[in-house]
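Residue numbers (my numbering), protein chains in the order written: chain A, 1459 to 1577; chain B, 168 to 376.
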């Protein structure tokens, strides 16, 4: 059967993984043509490292990078108490795929619409 | 002279305030080098780097040191401006071929661009004290690179000003940028024409002091 593989990784599973393991898993899968959906996304530091490592793996006529999409971070509450209750609001559902297969069509605060093509 | 000179150097080294490094960040072709050149030209009479319509013209972070910017309130800041390569998550040399660049040169440009992006991310983690984040006001501000970079900057608790650039173009909408990032000051500018650049300098003096 032809198609595109999609891996949906739960928040619980992500929480158990060290940052480098998460980034390696994403890059290895995306390089194989898999679309990876993270239930809780990556921390800003992890995103920064992901960009850096992606750049190191780009090759002419080979891997050309990633497409990554997530919602904007929620508006921060001024109350420290409510921030503690809500937890980390920076990690939000994130879709990552090969740059040549995943294309964003439209995005706003509450919607990500993307096009996925085969290899 | 010997002992007093040495003592003076040690004392000045102890009490001299480190010059803040302000990074100009944003996606490719947002106008980062145009802004760096304008700041350097307006306040120190120098030029920071070359500009081009071809993406990734800046492929190394370029620091222009000791620029003193004065505000209308009489206060001033002395900063280093760091013009950084445009941040992206993808680089394909074939995109450069469309601008008439030969294949080998395009491959070299792509390789240098990937190194430049990695370097820019590294600077942000290690060596930057404040950020001017450039967004092309004619484009969708919800682009992932903007969301990701603003998140990274916020997580590092760096002071940030968003420059809504290219307001000289008819499709520009700084209001869309304000809506996307209401938590940060947004200054509409045209770095190319210098429109409202004074407002950006005022905000810099306020934000980066």
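From the three backbone atoms N, C-alpha and C, an ideal C-beta is built for every residue, glycine too.
No experiment lies behind these values; they were computed from the predicted model shown.
Handout entry: chain A contact for residue 291 of chain B (CB, 8 Å cutoff)
Key = yes
Problem - Beta-ladder partner(s) of residue 256 of chain B, from DSSP - result: Its beta-bridge partners do not exist; DSSP assigns none.
Practice task
Specify, as a first and last residue, the run of the beta strand (DSSP E) that residue 1556 of chain A falls within.
Solution key: 1552-1556
Handout entry: Pairwise C-alpha distance: residue 306 of chain B and residue 339 of chain B
Key = 8 Å
Problem - Spatially closest choice to residue 1510 of chain A from B/287, B/235, B/246, B/195, by CA coordinates - result: B/287
Exercise for the section: Find out if the Cβ-Cβ distance for the pair residue 1512 of chain A, residue 1477 of chain A is shorter than 8 Å. Expected result: no
Problem - Pairwise C-alpha distance: residue 1558 of chain A and residue 198 of chain B - result: 26 Å
Problem - 8 Å Cβ cutoff, residue 315 of chain B in contact with chain A - result: yes
Practice task
Could you tell me whether any Cβ in chain B is nearer than 8 Å to the Cβ of residue 1536 of chain A?
Solution key: Reliability fails at residue 1536 of chain A, whose pLDDT of 47 lies under 50, so the model's placement of it is uncertain and the value that follows must be treated cautiously. So, not an interface residue.
Practice task
Report yes or no: is there a C-beta of chain A within less than 8 Å of the C-beta of residue 256 of chain B?
Solution key: yes
Practice task
Can you check DSSP and say which residues form a bridge with residue 1525 of chain A?
Solution key: A/1555
Practice task
Report the rounded CA-to-CA distance for residue 1545 of chain A versus residue 1498 of chain A, giving the unit in angstroms.
Solution key: Low local confidence applies: a pLDDT of 47 at residue 1545 of chain A is under 50, so the model's placement there is unreliable, and no value is given.
Practice task
Assign residue 262 of chain B to one of two classes, buried (16 or more other C-beta atoms within 10 Å of its C-beta) or exposed (fewer than that).
Solution key: buried
Exercise for the section: With a 10 Å radius around its C-beta and 16 neighbouring C-beta atoms as the bar for buried, classify residue 315 of chain B as buried or exposed. Expected result: buried
Exercise for the section: Please compile the residues from chain B whose C-beta is within a distance smaller than 8 Å of the C-beta of residue 1575 of chain A. Expected result: The contacting residues do not exist; residue 1575 of chain A stays about 15 Å from chain B at best.
Practice task
Counting only the same chain and skipping the five closest in sequence on each side, list residues whose C-beta sits under 8 Å from that of residue 203 of chain B.
Solution key: 191, 215, 216, 229, 231, 248, 250
Handout entry: Reduced DSSP secondary structure (H/G/I, E/B, other) of residue 297 of chain B
Key = strand
Practice task
Identify the contact partners of residue 1565 of chain A in chain B, using a Cβ-Cβ distance below 7 Å as the criterion.
Solution key: 309
Practice task
Closer than 9 Å by beta-carbon distance: list the chain B residues that pair up with residue 1481 of chain A, in chain order.
Solution key: Those do not exist, as residue 1481 of chain A stays about 13 Å from chain B at its closest Cβ, beyond 9 Å.
Practice task
Give the DSSP bridge partners of residue 1501 of chain A, in chain order.
Solution key: Answer is none; residue 1501 of chain A lacks a bridge partner.
Handout entry: Residues that residue 1414 of chain A contacts on chain B, provided the C-beta gap is smaller than 8 Å
Key = Any property of residue 1414 of chain A remains undetermined from this structure, which presents chain A solely from 1459 to 1577.
Handout entry: Own chain partners of residue 295 of chain B with C-beta closer than 7 Å, once the 5 adjacent residues on each side are dropped
Key = 188, 190, 249, 325
Exercise for the section: List the residues of chain A whose Cβ lies closer than 7 Å to the Cβ of residue 260 of chain B, in chain order. Expected result: 1518
Handout entry: As assigned by DSSP and simplified to three states, the class of residue 1476 of chain A
Key = coil
Handout entry: Interface residues of chain A facing residue 274 of chain B [CB-CB closer than 8 Å]
Key = 1518
Handout entry: Where residue 1562 of chain A sits in the DSSP three-state scheme
Key = strand
Problem - residue 239 of chain B vs residue 369 of chain B beta-carbon contact at 8 Å - result: yes
Problem - DSSP state of residue 368 of chain B mapped onto helix, strand, coil - result: helix
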